[in-house]
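Numbering (our numbering), first residue to last: 1 to 700. Right, one structure below, let's go through it.
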């Protein structure tokens, strides 16, 4: 039996009651693990430390966790976490509610300067949106642009289309909904009434109704029995009357429910005092239990699920594109309809404007237009709606309905429609670009599946080794973590294939610091022959080591030059090669020539330079497992030998943040110990080693 990985609507209804008991707790900090797990550390006068967890990835959950079940805080907080801290630090948790009967929770936080709502979408691909007091999206983990709704920074948050709330239906409405179905009872409960498969079956069992009974054969006794079962379930959820269970199959956790279920009668069960505690313990144990492995000892990634996910995204994007096209065409039709009936529209605008200027209210105007329509006045007959809130009237022009603003003339109203059509077409262009990215990701997943299957075939053909392979990090079920801190981690850095340290600045301040504090007489200074490049220092010795003259190997010099080029504007401009130069430290100065000016982070180079022409812009990012465990990145020739696994990148189309997430997903697929990847190679840590600008992952 497959383990449950997403909470149901019934689960969330039970959790809301328990989570609201933490109302009044104050937020200390917010954390983001990977790109799908949020942690809100709060404190309560009576309960002490409270850890609210919201996860919207492969596992979808929202609950308060035992502090012992919470992983250590990740390293440098990403921008999303910093935004949450700025908005929520010191805020009071004001409660949570479930949106209708959907798998959506809305968390309320109150602070003197501003209130914040956090919407957790625990369905589909999952998402978290942070809203301001007006309901506008401040930021979201994922951007959604569909015909039916939008979730994007600066836009009004759009909930999914309303669904039936089966726990609030009257009996007659329930019967009507059931009788609209053309299938059996259990499928109707699961899909038409939104209970899902498990609770659809459970309600049939509790009501004593045959699951496969055809709706056409159901009578009032059947409907009454089902409705009573739903009513009893709703009452227990409203009153918080739970009796939670965690179910096990062959000692593996497979389900967690707020009540004992008849449908789980054959499984072992553990009883809990609260549903929140049951969910917390279930998720903790689910994450710790090993996944089923293939015959090769490696866990096979669920390529099919990822392919299906990308195909669903493409379907949604295609629907959105078609919707944008239709919307733009409709706006143009409205504009053209205004010009086609110019005199009529002008008469309506003049009449309504004059009435408003005379002090008449919208109700009076609506009544007057209705009277005029009864008398057969064309201008009055054309008005089909008056909207006082928007200050508009909607006119019907030969079947095309157009909202008109009486405060402006026909031309300006038409121009507004043309501009709206152009704006929508702009959204269509963005959606077309997004769908190309999704198609590329789909093809990448398919290629990875082919590579995996080819690898499995090769391994099956090989004779087994007499001894297990030393340090097979990718297949280890638990990789030990060793992460000492080093002074150079505040900069960009890598070690050359000869073992020398190379450090580079990320900005003007770091460029200044490297030259003033860390560059020594025996080092080498590198820079791309392009504006906007990092200061790059090839170190002869460490800061605490005695200075010594070093004859750097050519391989280290080439790698330092490649590093300087790859992290410069050469990459950002989409070029695949550029020039770099090298000088000695004494040739680097902050003193300009007379009459010249040096901006912050810039330097004057005097004397001869050694050039590295047509240097390739290409980097590798990998996960190192010995002697330390960390993300590393830089020239492929330096990174490949040190890392357990690597990915190569070149200038491309994926934004730095998106490229980091793609790398993270691939690394997770390669390691049996996914928790190891989450802890030491989150997307934020990977992003630190990616060049500025767009990137593509190179499949080799």
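The beta carbon of each residue, even a glycine, is placed where N, CA and C say it ideally should be.
Q: Starting from the N-terminal side, write out each stretch of the beta strand (DSSP E) that is 3 residues or longer and does not extend beyond the stretch 219–263.
A: 245–249 and 252–257
**Q.** the ligand SAH heavy atom lying under 7 Å from the CB of residue 681
**A.** Judged by which ligands are present, the structure shown has none, so any question about the ligand SAH falls away.
Q) With which residues is residue 127 paired in a DSSP beta bridge? A) Bridge partners of residue 127: 121.
Q | Those runs of the beta strand (DSSP E) which lie wholly inside the stretch 534–577 and span at least 3 residues | A | Counting only runs of 3 or more, we get 536–538.
Q. Residue 157 to residue 150, Cα distance in whole Å?
A. 6 Å
(Q) Please state the DSSP three-state secondary structure of residue 635. (A) coil
Q) Using the beta-carbon count (16 or more within 10 Å), is residue 313 buried or exposed? A) buried
Q) For residue 68, which of 284, 337, 453 and 336 has the nearest alpha-carbon? A) Of the candidates 284, 337, 453 and 336, the one whose C-alpha sits nearest the C-alpha of residue 68 is 284.
Q. Between the C-alpha atoms of residue 379 and residue 350, what's the straight-line distance to the nearest angstrom?
A. 11 Å
**Q.** Cβ separation of residue 253 and residue 3, assumed to be a contact under 8 Å, to the nearest whole Å
**A.** 6 Å
Q: Please go through the stretch 70–150 and give each complete beta strand (DSSP E) segment of 3 or more residues, from N-terminal end onward.
A: 92–98, 104–110, 116–121, 127–131 and 137–140
Q | Alpha-carbon to alpha-carbon, residue 75 and residue 278 | A | Distance between the alpha carbons of residue 278 and residue 75 is about 29 Å.
Q) Whose C-beta lies closer than 7 Å to the C-beta of residue 226 among residues of the same chain, with five residues either side of it excluded? A) 203, 207 and 209
Q | Burial state of residue 135 (16 or more Cβ within 10 Å) | A | exposed
Q) Where does residue 63 sit, in a helix, a strand or coil, going by DSSP? A) strand
Q: With DSSP as the reference, label residue 498 as helix, strand or coil.
A: coil
(Q) So, for residue 131: in the same chain, excluding its five sequence neighbours on each side, which residues have a beta-carbon less than 8 Å away from its beta-carbon? (A) 116, 117, 118, 119, 137, 138 and 157
Q | DSSP-derived helix/strand/coil call for residue 389 | A | If DSSP states are grouped into helix, strand and coil, residue 389 belongs with coil.
Q: Flag this pair as yes or no: are the beta carbons of residue 402 and residue 338 separated by less than 8 Å?
A: yes
Q) Run through DSSP, which three-state label would residue 418 get? A) In the displayed model, residue 418 falls within a helix according to three-state DSSP.
Q) Buried or exposed: residue 343, going by 16 or more other Cβ atoms within 10 Å of its Cβ? A) exposed
Q | For residue 574 and residue 534, believed in contact at Cβ under 8 Å, the rounded distance | A | With a Cβ gap of about 18 Å, residue 534 and residue 574 do not count as contacting.
Q) Which whole runs of the alpha helix (DSSP H) in the stretch 157–202 are 4 residues long or more, in chain order? A) 171–179
**Q.** CB of residue 80 within 8 Å of CB of residue 141, strictly
**A.** Cβ distance < 8 Å, so residue 80 and residue 141 count as in contact.
Q.
Strictly by DSSP, which residues pair up with residue 493?
A. 503
Q) CA-CA distance, residue 599 and residue 675? A) 45 Å
Q) If you draw a straight line from the C-alpha of residue 112 to the C-alpha of residue 26, how long is it? A) 13 Å
Q: Within its chain, find whatever has a CB closer than 6 Å to the CB of residue 681; leave out the 5 residues flanking it on each side and keep chain order.
A: 623, 631 and 667
Q: For residue 463, count neighbouring Cβ atoms within 10 angstroms of its own Cβ and tell me buried if that reaches 16, exposed if not.
A: In this prediction, residue 463 has a pLDDT of 45, which is less than 50 and means its spatial position is unreliable; what the coordinates show is noted afterwards. Classification for residue 463: exposed.
Q.
Cutting at 8 Å between CB atoms, please list the residues of its own chain near residue 90, excluding the five before and the five after it.
A. Closer than 8 Å at Cβ, skipping near neighbours: 26, 27 and 111.
Q) Can you tell me the Cα-Cα spacing of residue 683 and residue 491, whole angstroms? A) 17 Å
Q. Exposed or buried, what is residue 86 when buried is set at 16 or more other beta-carbons lying within 10 Å of its beta-carbon?
A. exposed
**Q.** residue 579 versus residue 621 - alpha carbon distance
**A.** 22 Å
Q. Helix, strand or coil for residue 278 per DSSP?
A. In the three-state reduction of the DSSP assignment, residue 278 falls in the helix class.
Q | Beta-carbon proximity check, residue 570 vs residue 508, cutoff 8 Å | A | Taking 8 Å as the cut-off, the beta carbon of residue 570 is found no closer than this to the beta carbon of residue 508.
Q. What separation, rounded to the nearest whole angstrom, lies between the Cα atoms of residue 405 and residue 356?
A. 12 Å
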